[in-house]
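In the working numbering, the protein residues as written are 6 to 530.
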Ligand code: HEC
Ligand code: HEC
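The structure is reproduced here in structure tokens:
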């Protein structure tokens with residue numbers, strides 16, 4: 006049943022051969038419906054243009070890839086790559102989810118590490134969320150009958166479902182085939198105005214220049230530009246010109262398909278590494294945002310936002326996000342309409358002396374000298390026609406380790422290790438007692454035993470180590486003769502981040518479990 010991430014991505018972002026249906030630009034070489042008729046109707050009976058088990062379901066592109074994977078693996082349907090890709094595009098375009106419908110489950114499409122699953126209450130958690138994420142179900146839309154048939158599929162194909170833990174303590178099948186389908190159909194119905202409204206919108210053309218800002222945990226945030234052009238066949242290519250916060254300039258390029266009119270799925274080459282891009286286009290077509298990650302290590306990646314160059318004045322991002330009273334800091338602002346003029350000079354508010362270093366419509370760099378008595382708090386920043394916010398502080402009072410709870414996995418053999426990336430998020434306490442977030446800070450990272458048992462088994466010695474950027478790199482998997490009972494290098498650790506603030510040091514703590522490999526990496530976990 007397993008499919009590796011890289012292989013799956015090849016299925017999602019593939020040869021850009023056939024145009025998109027629905028929201029599309031170019032007309033498909035063979036209409037999608039014709040392909041479904043040819044390749045699927047042998048098993049899925051056609052009834053005046055609708056196909057049994059296919060036509061009353063809507064899914065994300067990843068959802069359709071998973072279904073076709075099962076059609077191959079379990080039911081023996083072999084498709085050429087080009088046919089497979091065209092069918093996925095046709096189904097995602099004509100039977101997809103509207104942006105508002107996929108919003109809650111995007112963390113699963115974006116493959117966010119350490120994300121908490123959706124909470125639909127205790128019944129659905131145990132019934133549907135104990136083998137895979139609830140997001141997998143929440144990223145589909147069906148009528149009641151189709152939700153019931155999905156229960157049939159489960160019990161028919163994964164027969165141990167009724168006997169496994171949390172299946173045998175209740176009449177799983179009676180619930181799954183009885184009252185649950187109506188509940189699921191009420192939560193995630195096939196027909197919605199969100200979808201009909203979305204389908205009626207014109208296709209957005211992404212071609213043009215974009216202003217980009219990215220967050221990379223570990224202190225390598227970046228900004229720059231993207232040029233997006235059409236590829237023959239209806240896909241896109243993007244060229245990136247980026248600069249990180251250490252002023253290192255780099256370029257990259259990407260090829261992408263846009264499913265359902267907004268689901269950007271790209272494959273990028275940046276800094277000699279290949280990255281995946283899972284972005285969503287906003288309804289007005291002017292903002293592209295989501296997550297990018299290493300093609301082999303989905304846990305390594307970051308946030309990405311792009312806005313159309315020349316749009317309404319806006320500060321997209323500000324580096325850094327906080328300023329210390331009494332310091333002089335080089336601040337970079339990226340966005341639209343930023344160039345300061347004599348009429349609208351860049352301003353950082355009271356007690357801030359601003360010297361403009363670079364003054365362009367999409368990038369303004371200023372030296373900000375803050376007086377030692379500058380009032381701590383959030384303050385407004387303005388440049389050109391745009392406004393933003395920056396936090397001012399006199400001292401760091403709290404460090405929160407984010408994520409507060411993380412999982413890393415040992416690597417070895419066919420399963421690569423899964424690292425855990427932490428950030429030290431600082432806050433200052435304002436005179437009124439409120440905590441004001443200051444953004445990520447550099448910190449020293451160490452791990453100590455989480456409890457007495459972890460101390461006894463000396464997990465911190467074996468489980469792995471931190472790099473300077475807060476990334477925990479787990480050890481190799483397998484029996485370790487140096488450990489009790491030749492145990493694996495697993496560990497239960499407290500993560501300690503220590504940030505120095507002048508002569509003080511502030512500490513934050515998190516929890517890290519280092520556990521065994523994960524062998525199956527489906528598109529939606
Ligand atoms: C060899 C027979 C066969 C062919 C060919 C076939 N399917 Fe299926 N399909 C099945 C069976 C059996 C099921 C029910 C069990 C299951 O869901 O795995 C099914 C179920 C489905 C479902 C419902 C799954 C769900 O979400 O609950 C979809 C959608 C689907 N197929 C799509 C397709 C598409 C699209 C094609 C053509 C590209 C196709 N199938 C070709 C046998 C087939
Ligand atoms: C005992 C474990 C288990 C439980 C409990 C379970 N599932 Fe699944 N589910 C699976 C497996 C295994 C797959 C197939 C994975 C694959 O195709 O890669 C799957 C696949 C799915 C899919 C994707 C199928 C497709 O073709 O679109 C959906 C949606 C889904 N489950 C929803 C549910 C819902 C809703 C419930 C609760 C009624 C549920 N699952 C309960 C194990 C489980």
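We treat Cβ as the ideally placed atom computed from N, Cα and C, and that holds for glycine. Fair warning: this is a prediction, and the values are worked out from it, not measured in the lab.
Does DSSP put residue 456 in a helix, a strand or coil? Stepping through the chain shown from its first residue, residue 456 is reached at position 451. Here residue 456 sits in coil by DSSP.
Quick one: grab the DSSP three-state call for residue 302. Position 297 of the chain shown holds residue 302. Correct three-state label for residue 302: coil.
Nearest to residue 335 by alpha carbon, out of 314, 321, 372 and 349? Working through the chain shown from its first residue, we reach residue 335 at position 330. Of the listed residues, the one whose Cα sits closest to residue 335 is 372.
According to DSSP, simplified to helix, strand and coil, what is residue 530? Position 525 of the chain shown, counted from the first residue, corresponds to residue 530. Here residue 530 carries a coil assignment [DSSP, helix/strand/coil].
Restricting to Cα atoms, I'd like to know which of 325, 382, 330 and 387 is closest to residue 344. Counting from one through the chain shown, the residue named residue 344 turns up at place 339. Nearest option by C-alpha distance: 387.
Just the Cα atoms here: how many angstroms apart are residue 379 and residue 441? For the purposes of this step, residue 379 is taken as residue 374 along the chain shown, with counting starting at 1. For the purposes of this step, residue 441 is taken as residue 436 along the chain shown, with counting starting at 1. Those two C-alpha atoms are separated by around 15 Å.
Taking all protein chains shown into account, do 16 or more other C-beta atoms lie within 10 angstroms of the C-beta of residue 176, making it buried, or fewer, making it exposed? Taking the chain shown and counting its residues from 1, one reaches residue 176 at position 171. Exposure of residue 176 is indicated by the presence of fewer than 16 other C-beta atoms within 10 angstroms of its C-beta.
For the pair the region 45-60 and the region 104-112, tell me if three or more CB-CB distances fall below 8 Å. No, because fewer than three Cβ pairs between the region 45-60 and the region 104-112 fall closer than 8 Å, the two stretches do not touch.
Using alpha carbons as the reference points, say which of 94, 414, 312 and 131 lies closest to residue 266. Here residue 266 is taken as the residue at index 261 of the chain shown, counted from 1. Residue 266 has its Cα closest to that of 94, out of 94, 414, 312 and 131.
Whole alpha helix (DSSP H) elements within the region 114-194, 4-residue minimum: If we require 4 residues or more, the alpha helix (DSSP H) runs fully inside the region 114-194 come out as 127-133, 140-143, 149-162, 177-182 and 185-192.
Alpha helix (DSSP H) runs contained entirely in the region 307-347, provided each spans 4 or more residues: You should have found no qualifying run.
Does the contact criterion of 3 or more C-beta pairs under 8 Å hold for the region 441-452 versus the region 424-432? Yes, the region 441-452 is in contact with the region 424-432.
Own chain partners of residue 66 with C-beta closer than 7 Å, once the 5 adjacent residues on each side are dropped: Along the chain shown, read from residue 1 onward, the residue named residue 66 stands at position 61. Close CB contacts of residue 66 within its chain, under the 7 Å cut and outside five residues either way in sequence, are with 17, 93, 97, 264, 268 and 270 (chain order).
Give me the residue from 90, 130, 136 and 244 with the minimum Cα distance to residue 238. Stepping through the chain shown from its first residue, residue 238 is reached at position 233. Comparing Cα-Cα distances from residue 238 to each of 90, 130, 136 and 244, the minimum goes to 90.
Tell me whether residue 419 is buried or exposed, calling it buried when 16 or more other Cβ atoms sit within 10 Å of its Cβ. To locate residue 419, count along the chain shown from 1; it is residue 414. Classification of residue 419: exposed, given that the 10 Å Cβ count is below 16.
Contact check, residue 389 vs residue 318 under 8 Å by CB: the rounded distance? Residue 389 sits at position 384 when you count from the first residue of the chain shown. Residue 318 sits at position 313 when you count from the first residue of the chain shown. At roughly 6 Å, the Cβ-Cβ gap stays under 8 Å, so residue 389 and residue 318 are in contact.
Extent of the continuous beta strand (DSSP E) run through residue 477: Walking along the chain shown from the start, residue 477 turns up at place 472. That run of the beta strand (DSSP E) goes 476-479.
Quick one: measure Cβ to Cβ for residue 367 and residue 314, integer angstroms, because I've assumed they're closer than 8 Å. Mapped onto the chain shown, residue 367 falls at position 362. Mapped onto the chain shown, residue 314 falls at position 309. Sure, about 6 Å apart at Cβ, within 8 Å.
Validate contact between the region 139-153 and the region 216-224 using beta carbons, cut 8 Å, 3 pairs: No, the region 139-153 does not touch the region 216-224.
Does the Cβ of residue 136 lie closer than 7 Å to at least one heavy atom of ligand 2? What you label residue 136 is simply residue 131 of the chain shown in a count that begins at 1. Yes, since a heavy atom of ligand 2 falls inside the 7 Å radius drawn around the Cβ of residue 136.
Taking the alpha carbon of residue 369 as the point to measure from, which residue in 377, 360, 375 and 376 has its own alpha carbon closest? Stepping through the chain shown from its first residue, residue 369 is reached at position 364. Distances from the alpha-carbon of residue 369 to those of 377, 360, 375 and 376 put 360 closest.
So, with DSSP's three-state summary, where would you put residue 403? Along the chain shown, read from residue 1 onward, the residue named residue 403 stands at position 398. Strand, per DSSP.
Using only the heavy atoms of ligand 2, determine whether one of them is closer than 7 Å to the beta carbon of residue 71. Residue 71 sits at position 66 when you count from the first residue of the chain shown. Checking the Cβ of residue 71 against ligand 2 gives yes.
According to DSSP, residue 412 sits in a beta bridge with which residue or residues? Taking the first residue of the chain shown as position 1, residue 412 is located at position 407. Partner residues in the beta bridge of residue 412, as assigned by DSSP, are 518.
Comparing C-alpha positions only, which one of 362, 413, 448 and 105 sits nearest to residue 512? Translated into the one-based positions of the chain shown, residue 512 becomes position 507. The residue with the shortest Cα to Cα distance from residue 512 is 448.
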